[in-house]
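All residue numbers for the sequence shown refer to our numbering, where the first residue is 27 and numbers rise by one. No residue lacks a Cβ here, since even glycine has one placed at the ideal position from N, Cα and C. Here the structure comes first, spelled out in structure tokens, and everything after it is commentary.
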Amino acid sequence: MRKDVLWRKTGRIIMMLSEELDISPARALNLFYNSETCKQLCDDRIELYLMSDKYIVDNIINEIKT
27 MRKDVLWRKT
37 GRIIMMLSEE
47 LDISPARALN
57 LFYNSETCKQ
67 LCDDRIELYL
77 MSDKYIVDNI
87 INEIKT
């Protein structure tokens, strides 16, 4: 079940990232999968998947800015 939830959450995050940064979904997909946040999202110990989509998108944007 967690895998299904994470799969849907990832799609929403990528689309939100695309809208927030005004970039194509393909570019957002690339940014997401190359981010440290993506690695943390898949790590069961960190439990980042429990946070809101907006929180995760903001993390990715902050990561890009630094």
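Taking C-alpha positions only, residue 73 is separated from residue 47 by approximately 25 Å. If you ignore the 5 residues before and after residue 82, its C-beta comes within less than 6 Å of the C-beta of 39, all in its own chain and listed in chain order. Closest in alpha carbon position to residue 31, among 49, 75, 65, 59, is 75. If you ignore the 5 residues before and after residue 87, its C-beta comes within less than 8 Å of the C-beta of 43, 46, 47, all in its own chain and listed in chain order. In the same chain as residue 55, and ignoring 5 residues on each side of it, the C-beta atoms closer than 7 Å to its own belong to 40, in chain order.
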